[in-house]
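In the numbering used here, the protein residues as written are 11 to 417.
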């Protein structure tokens, strides 16, 4: 969060600036559809050149690190421009350049002094840190602060989210904020349990979330209550916020990715490759149109995906070569199934996205850059894709002969 997100915001700003300047260069003076005068064109060009593309880092990052990062920004920007990412859409919807702002446990904000966001000359990216600052200014620079890192505070939400998914959080964001620190854990437990009951009553396999009880007690208005709460008599009065997540078709490839719970509800799918640990009931005319390959995330098994990818790709090749439509699904439709689709797209389709039985793949050696470009292409259609680094490493290893490398 201290360097990765600032780097991304800076690279995106640079890429958007390049796009805006390119559009201005292509504007033809006198075009009736454009109706842009030379004076307006000069004004807009000046605006785009003033689009802030500088690197904004927190105070505790040293000048040496900053200089090293700045030396690579142009290279990263060129890679992004060449990746096929949809910069045009981002440039259209983003009115001001991105800039990260950091908020920690020690941050003091006077709400009556916060200016209206419309008056800011940038689009803020608010970065919240669960780590705590010790408030000590280091001697080597008056602008650097020392921080105590809490392992897992920002990553591995399984260790702190108490079963709360991003969709559930955003569906109840105001309720959770209004609850305040004292009632927050109770509110989260309530929301997660309601969603679990809702899903289980619809035949989905949703294990109960267990939260390790804290040794300390939280003070609630009614008295002292343990942090892990049992909430009896929960009424089912809410709709699952993951229910609206559907199936994503990957261009014209006859290939789709999605959640396994939705597979039985899709009518325009000929074949299903289920990567979930749980089997699903499907009504398909052909008994060989369904393949179940149980896979787990790389945190549980570093080779689960790698060992199953040969069977998955062979199944996809057999079905796609017959003109069949194929759905690849997993528990959440965001990680394992996305990585399997990435392996299928790279192995069986050419650069133009046309099925070629693996001809182009056999004639080239896949690099990390090739895999990243294919992933960008996939994410244009599967916008909720969140492939983990561990699973991407397994895909890259499979495409390069079975060994796991870095991506």
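Where a beta carbon is used, it is the ideal one built from N, C-alpha and C, also for glycine.
Is it right to say residue 23 is buried, meaning 16 or more other beta carbons lie within 10 angstroms of its own, or is it exposed?
Flag for residue 23 reads buried.
Is it right to say residue 173 is buried, meaning 16 or more other beta carbons lie within 10 angstroms of its own, or is it exposed?
Buried.
In chain order, which continuous runs of the alpha helix (DSSP H) of length 4 or greater are located wholly inside the region 52-122?
Those alpha helix (DSSP H) runs which fall completely within the region 52-122 and span 4+ residues are 73-80, 83-92 and 97-103.
Would you identify the three-state DSSP class for residue 182, choosing helix, strand or coil?
The answer is coil: DSSP assigns residue 182 none of H, G, I, E or B.
Nearest by alpha-carbon distance to residue 297: which of 289, 281 and 288 is it?
For the residues 289, 281 and 288, the minimum Cα distance to residue 297 belongs to 281.
Since residue 265 is in the beta strand (DSSP E), which residue starts that stretch and which ends it?
265-269 is the span of the beta strand (DSSP E), which, as asked, contains residue 265.
Rounded to whole angstroms, how far is the Cβ of residue 300 from the Cβ of residue 292, which I believe are closer than 8 Å?
The pair is a contact, with the Cβ atoms about 5 Å apart (cut-off 8 Å).
Going by DSSP, name the residue or residues bridged to residue 135.
Bridge partners of residue 135: 110.
Would you call the region 88-97 in contact with the region 12-26, where contact means no fewer than 3 C-beta pairs closer than 8 Å?
Taking 8 Å as the limit for Cβ pairs, the verdict is that the region 12-26 does touch the region 88-97.
Would you list the one or two residues that DSSP bridges to residue 259?
Looking at the DSSP assignment, residue 259 forms a beta bridge with 266.
Go ahead and label residue 69 buried or exposed: buried means 16 or more other beta carbons lie within 10 angstroms of its beta carbon, across all protein chains shown.
So residue 69 counts as exposed.
Return the CA-CA distance between residue 411 and residue 402, expressed in angstroms with no decimal places.
So the two alpha carbons sit approximately 14 Å from each other.
If you run the structure through DSSP and keep just helix, strand and coil, what is residue 291?
Residue 291 falls in the coil class under three-state DSSP.
Under three-state DSSP, which class holds residue 342?
In this structure, residue 342 counts as coil in the three-state DSSP scheme.
Does DSSP classify residue 8 as helix, strand or coil?
Lying before the first or after the last residue shown, residue 8 is absent from the chain, which here runs from 11 to 417.
In angstroms, rounded to a whole number, what distance separates the CA positions of residue 404 and residue 335?
Distance between the alpha carbons of residue 404 and residue 335: 25 Å.
Inspect the beta-carbon positions of residue 269 and residue 341 and report whether they are closer than 8 Å.
Yes; because the gap between Cβ atoms is below 8 Å, this pair is in contact.
Which residue's Cα is closest to the Cα of residue 103: 85, 133 and 126?
Residue 133 is the option with its Cα nearest to residue 103.
Using C-beta distances below 6 Å, list every residue in its chain close to residue 381, excluding the 5 sequence neighbours before and after it, in chain order.
Answer for residue 381: 406, listed in chain order.
Nearest by alpha-carbon distance to residue 318: which of 385, 294, 287 and 107 is it?
Of the listed residues, the one whose Cα sits closest to residue 318 is 287.
My understanding is that residue 409 touches residue 326, with C-beta atoms under 8 Å, so please give their C-beta distance in whole angstroms.
That belief does not hold up - the Cβ atoms of residue 409 and residue 326 are roughly 14 Å apart, past 8 Å.
Comparing C-alpha positions only, which one of 119, 97, 348 and 358 sits nearest to residue 399?
Per the Cα distances, 348.
Could you pull the start and end residues of the beta strand (DSSP E) that residue 285 belongs to?
Taken as a continuous stretch (DSSP letters only), residue 285 belongs to no beta strand (DSSP E), as it is neither H nor E.
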